[in-house]
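First up is the structure itself, then whatever we jot down about it.
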Ligand code: AFP
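Residue numbers (our numbering): 25 to 344.
Take a look at the structure:
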């Protein structure tokens, strides 16, 4: 078994990117310990504040955000950072090589019920000049690395630097992330989908039709029965897709016309799309490849359909 450091060295990942990835892994190690402490670590419950998107912040959202912000600000390779929990981009080191976007604690509503949560990172090359929001306005295909850490029964990390998707498990005895799978492959076919069914009446006709056909099962035109899963943390749902295939979607809806999309492009959709594509899957909005989208602002949201290649493509057929 190889540690994260040994794996990155063996794969010839340049020393600076390696150092940044190790910083991200160390953050996850600390957050993992807090998550495991639960009520004993004083991390449950909500704060009285809201983030820029008007969502109530959980204590652990704030703690994880501060922990990562401090660690990245102390890492000389980081030129700037953008977080789901920060109103604006945060400049770090003027001669840093990387920009890091992150969701410090994905799946916040799961914290208090002792269910899955995780952290998601996206690494972009830093352009010359000042760190403004404009520096982050790069499509996902520019990412040099992406990873998530899932704090489940085991703490795991999925990582890509553009040469496949690797899976690691945190060894609680040594604090090292150990390589458990070098080339994750998402099965091309599946009979499992993940969607928040309570929004059904608000979806566009294309998604209505696709899910309706899945629900008809063997007797319908799909000719097979489907199973449904919903973890309410994208990090958990994507981990299942990487582990055994499936289709995950948070589509456009009209529930709140001012907010037609739920998932954030920079902190959730782009890094997860990179991991999924590198594992042989597909990630789309329904109409375009997520990683080709030219971002317009850091907190932008998008529709997401990702997972097993053939199933996502079938869903995309319904979108014309
Ligand atoms: P947070 O980042 O605020 O924790 O939200 C999690 C999330 O964006 C994503 O991870 C889930 O897939 C989705 O929200 C769950 O949404 P529902 O509340 O509709 O189940």
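Backbone N, C-alpha and C define an ideal beta-carbon position, used for all residues, glycine too.
Measuring from the CB of residue 131, is there a heavy atom of the ligand AFP at a distance below 7 Å? By 1-based counting over the chain shown, the position of residue 131 is 107. Because some heavy atom of the ligand AFP lies under 7 Å away, the Cβ of residue 131 counts as near it: yes.
So, for residue 100: in the same chain, excluding its five sequence neighbours on each side, which residues have a beta-carbon less than 7 Å away from its beta-carbon? In the chain shown, residue 100 corresponds to position 76, counting from 1. The residues are 117, 120.
Any heavy atom of the ligand AFP closer than 7 Å to the beta-carbon of residue 119? If you number the chain shown from 1, residue 119 lands on position 95. Residue 119 Cβ: outside cutoff for every heavy atom of the ligand AFP.
Best match in 169, 243, 195 for proximity to residue 188 [C-alpha to C-alpha]: Indexing the chain shown from 1 puts residue 188 at position 164. Here the closest residue by C-alpha is 169.
I'd like to confirm something about residue 283: is its beta-carbon nearer than 7 Å to some heavy atom of the ligand AFP, or not? As a position in the chain shown, residue 283 is number 259, starting the count at 1. Incorrect: residue 283 has no Cβ contact closer than 7 Å to the ligand AFP.
Would residue 112 and residue 180 be called neighbours here (beta carbons separated by less than 8 Å)? Locating residue 112 in the chain shown gives position 88, counting from the first residue. Locating residue 180 in the chain shown gives position 156, counting from the first residue. In this structure, residue 180 does not lie closer than 8 Å to residue 112 by Cβ.
Cα-Cα separation, residue 192 to residue 205: The count along the chain shown starts at 1 and reaches residue 192 at position 168. The count along the chain shown starts at 1 and reaches residue 205 at position 181. Those two C-alpha atoms are separated by around 7 Å.
Are the Cβ atoms of residue 166 and residue 148 separated by less than 8 Å? Taking the chain shown and counting its residues from 1, one reaches residue 166 at position 142. Taking the chain shown and counting its residues from 1, one reaches residue 148 at position 124. In contact: residue 166 and residue 148 (Cβ atoms closer than 8 Å).
May I ask whether a heavy atom of the ligand AFP can be found less than 7 Å away from the beta carbon of residue 286? Sequence index remark: in the chain shown, residue 286 carries index 262 (1-based). Answer for residue 286: yes, Cβ within range of the ligand AFP.
Are the Cβ atoms of residue 172 and residue 56 separated by less than 8 Å? Numbered from 1 along the chain shown, position 148 holds the residue referred to as residue 172. Numbered from 1 along the chain shown, position 32 holds the residue referred to as residue 56. Contact flag unset, no.
Mind checking whether the beta-carbon of residue 257 lies closer than 7 Å to any heavy atom of the ligand AFP? Within the chain shown, numbered from 1, the residue matching residue 257 stands at position 233. Indeed, a heavy atom of the ligand AFP lies less than 7 Å from the Cβ.
In three-state terms, what does DSSP make of residue 203? Sequence index remark: in the chain shown, residue 203 carries index 179 (1-based). In the structure shown, residue 203 sits in a strand (DSSP, three-state: E or B).
Comparing C-alpha positions only, which one of 261, 194, 125, 102 sits nearest to residue 52? For the purposes of this step, residue 52 is identified with residue 28 of the chain shown, where counting begins at 1. Out of 261, 194, 125, 102, 194 has the C-alpha closest to the C-alpha of residue 52.
Apart from the five residues on each side of it in sequence, which residues of its chain come closer than 6 Å, Cβ to Cβ, to residue 214? The sequence position of residue 214 within the chain shown is 190, counting from 1. So the list reads 269, 270, 332, 335, once near-sequence residues are dropped.
Between the Cα of residue 74 and those of 61, 227, 108, spot the shortest distance and give me the residue it belongs to. What you label residue 74 is simply residue 50 of the chain shown in a count that begins at 1. Measuring from the Cα of residue 74, the nearest candidate turns out to be 108.
Cutoff 6 Å; reference residue 309; Cβ partners in own chain excluding five residues on either side: By 1-based counting over the chain shown, the position of residue 309 is 285. Excluding positions up to five away in sequence, the list reads 326, 327.
Is any beta-carbon of chain B found at less than 8 Å from that of residue 269? No chain B appears in this structure, which consists of one protein chain only.
Through-space distance from residue 115 to residue 104, alpha-carbon basis: Here residue 104 refers to the residue found at position 80 of the chain shown. Here residue 115 refers to the residue found at position 91 of the chain shown. Going from the Cα of residue 104 to the Cα of residue 115 covers about 4 Å.
To test your reading of the DSSP string, which unbroken beta strand (DSSP E) runs of 3 or more residues are found completely within the segment 231-313? 271-274, 306-308
Assess contact between the segment 122-134 and the segment 285-303, defined as three or more Cβ pairs (one per stretch) separated by less than 8 Å. Is contact present? yes
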